[in-house]
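All remarks here apply to the structure that follows.
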Amino acid sequence: MNAPDLSVRRANVAVGALSLGTALNPLNSSMIAVALVVLRKDFGLNVTTVTWVITAFYLASAAGQPLMGRLADRFGSRRLFVFGMALVVVVCALTPFSPTFAFLCVGRIFLAIGTATAFPSAIAMLKTITEQAGLSSPRLIGRIQIANTSGAAIGPVIGGILVTTLGWQAIFWVNVPLAVLAMIGTRLFAPADAVREREPMRVTIGQSDIPGILAFAATLVALLIFLLSLPSGPAWWLVPVTLAACAVFIWREMSTKTPFIDLRLLAANHALMMVYLCFAIFNLIYYCAFFGLPQFLEDQGGYRTDIVGLLMFPLAALSVVITPFAARLIERRGLHFTLNLGGSMLLLSAALLGLIGLTTSPVVVLLITAAMGIPYCIVSIAMSQALYASVRPQDAGVAAGIFQTSRYVGAILATALLGMMFASGTTSTNWLLVIAVATALAVVLLGLLIVWRARRAPDAATRS
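Residue numbers (our numbering): -12 to 451.
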């Protein structure tokens, strides 16, 4: 047996740098939640318009994740990771000087692209690191997952402090030193990319399904603009545009050998389709609270942005604490029981959010955000297990990619719902309407979880 080529110390530093880089995407998706009110005031926007700063990020993330995986295969994982971090540095140094909101949204798009390089590149590099350093692959993957969860959890707190003390520009500037550290650590300590035969760029682009990605984005954008136009006057001409873009997307995905979203896989596996539908609805409910509550607390509760960040902290932070217990629950009581329990708790916590429309007392807000955080963790980990219980092992990679896309779709639809409901202001009445819709969706989700059954028998861990 050959001696390891990479020392354990160097491998740990490399994984730390990779973890820092992968945390930037969830960090930036959560920090923005507490900056929406300030952005509205600085740029003179309404609630409907400001949601595009979120939507642009998620659209680019949804398209960027699978594309970056292809580019990592062609150019090398370490090289792509370093490039992504360099892009983050440039974008976050310049975006704070955006003269208009449109430029700000463009900056968020490039920030999403830069951070989207991190996760697929990091996962690809872990195989080499574990082989050369003789370390446990699951343990290193767990460290990256913890970094991602922690980034999402701490985002509102960091964002609240930065926005209150330095302005919204600081939520971009904070990425610069973090990305520099991740870039330098990866460049110096991660293993060099293996020599590979580079395929022509046209082959890489062809396998990345750029037309499918564009048709997917066009469908969502047209649908969102139509939905956001409903309160003031429906743009009916967008209905045929949406249907046409959707038809092109379906045709493309059914005809290409390397689809962005494998519709043939979905058509052949109803259990998997149910998992994606449930996960999208779940994220729609969650992000309605995550993006809607900070705006309501600032507008109606009169809280400063940094205080709002602290009030939001339990919602995401509890997922870090509860995750081990949720995993044990699946092992002991089974996957179906855990899904139903999580769905029931989500329904209860969604309904409890309505109390904030009656009182914004900090004690009440903290208790309710904590109550929302518990089912978020349980349902998240159970849905991940449901994914693998519904798909053949050889399809797991493709299925996991679509799983992430369904998360982004849920988040995007949540911003559209908030834009429609808050079009006339973030009033108590409108907040209660948001919660009514979220609660109704939670009822639908619980019903779907009750009737869901895995396509194949879960492994022993989920049966016991």
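All residues carry an ideal CB built from backbone N, CA and C; glycine is no exception.
Sub-8 Å separation of residue i and residue j beta-carbons
{"i": "A177", "j": "M112", "result": "yes"}
{"i": "I343", "j": "I355", "result": "yes"}
{"i": "R95", "j": "F30", "result": "no"}
{"i": "V163", "j": "C92", "result": "no"}
{"i": "T452", "j": "F159", "result": "Nothing can be reported for residue 452, as the shown portion of the chain is limited to -12 through 451."}
{"i": "M407", "j": "L215", "result": "yes"}
{"i": "I268", "j": "L46", "result": "no"}
{"i": "L334", "j": "T426", "result": "yes"}
{"i": "A232", "j": "A202", "result": "yes"}
{"i": "G321", "j": "A369", "result": "no"}
{"i": "P13", "j": "N135", "result": "yes"}
{"i": "A410", "j": "T35", "result": "yes"}
{"i": "M261", "j": "L250", "result": "no"}
{"i": "V424", "j": "L404", "result": "yes"}
{"i": "I237", "j": "I389", "result": "no"}
{"i": "A139", "j": "L149", "result": "no"}
{"i": "G51", "j": "I100", "result": "yes"}
{"i": "L67", "j": "N15", "result": "no"}
{"i": "L264", "j": "A386", "result": "no"}
{"i": "A179", "j": "R61", "result": "no"}
{"i": "V37", "j": "T292", "result": "no"}
Exposure of residue i, with buried meaning 16 or more beta-carbon neighbours within 10 Å
{"i": "H323", "result": "buried"}
{"i": "V438", "result": "exposed"}
{"i": "A(-10)", "result": "Summary for A(-10): the model assigns pLDDT 43, below 50, so the residue's position carries little reliability; its value from the coordinates is reported in the next sentence. The residue is exposed, with fewer than 16 neighbouring Cβ atoms inside 10 Å."}
{"i": "T346", "result": "exposed"}
{"i": "G434", "result": "exposed"}
{"i": "W224", "result": "exposed"}
{"i": "P246", "result": "buried"}
{"i": "S451", "result": "Reliability fails at S451, whose pLDDT of 35 lies under 50, so the model's placement of it is uncertain and the value that follows must be treated cautiously. By the 10 Å Cβ count, S451 comes out exposed."}
{"i": "V378", "result": "buried"}
{"i": "T173", "result": "buried"}
{"i": "A448", "result": "Per-residue confidence for A448 stands at a pLDDT of 39, beneath the threshold of 50, marking its modelled position as unreliable; no derived number is given."}
{"i": "L175", "result": "exposed"}
{"i": "F266", "result": "buried"}
Rounded distance between the beta-carbons of residue j and residue i, thought under 8 Å
{"i": "I116", "j": "A1", "result": "6 Å"}
{"i": "A358", "j": "S336", "result": "4 Å"}
{"i": "T229", "j": "T206", "result": "6 Å"}
{"i": "T413", "j": "Q287", "result": "6 Å"}
{"i": "S306", "j": "G360", "result": "6 Å"}
Residue ranges of each alpha helix (DSSP H) within the segment 44 to 117, 4 or longer: Listed in chain order, they are 64 to 81, 88 to 103.
Check whether the segment 138 to 154 and the segment 53 to 68 touch, using three or more Cβ-Cβ pairs below 8 Å as the test. no
Is it a yes or a no for the segment 272 to 283 touching the segment 413 to 425, going by three-plus beta-carbon pairs under 8 Å? yes
I'd like to know if the segment 311 to 319 and the segment 386 to 393 are in contact, where contact means that at least 3 CB-CB pairs between them fall below 8 Å. No, the segment 311 to 319 is not in contact with the segment 386 to 393.
Segment contact flag, the segment 200 to 217 with the segment 165 to 175, C-beta cutoff 8 Å, min 3 pairs: no
On the three-pair Cβ rule with 8 Å, is the segment 214 to 222 touching the segment 100 to 109? no
Just list the alpha helix (DSSP H) runs in the segment 209 to 251, keeping only unbroken ones of 4 residues or longer that don't cross its boundaries, in chain order. 225 to 242
State whether the segment 9 to 21 contacts the segment 293 to 307, with contact taken as three or more CB pairs (one from each stretch) at a distance under 8 Å. yes
Measuring CB atoms only, is the segment 83 to 91 touching the segment 193 to 204, in the sense that at least three cross pairs come out at less than 8 Å? no
Using a Cβ distance threshold of 8 Å, determine whether the segment 263 to 276 contacts the segment 397 to 409, with at least three qualifying pairs required. yes
Length-filtered (4 minimum) alpha helix (DSSP H) runs lying within the segment 350 to 437: 383 to 408
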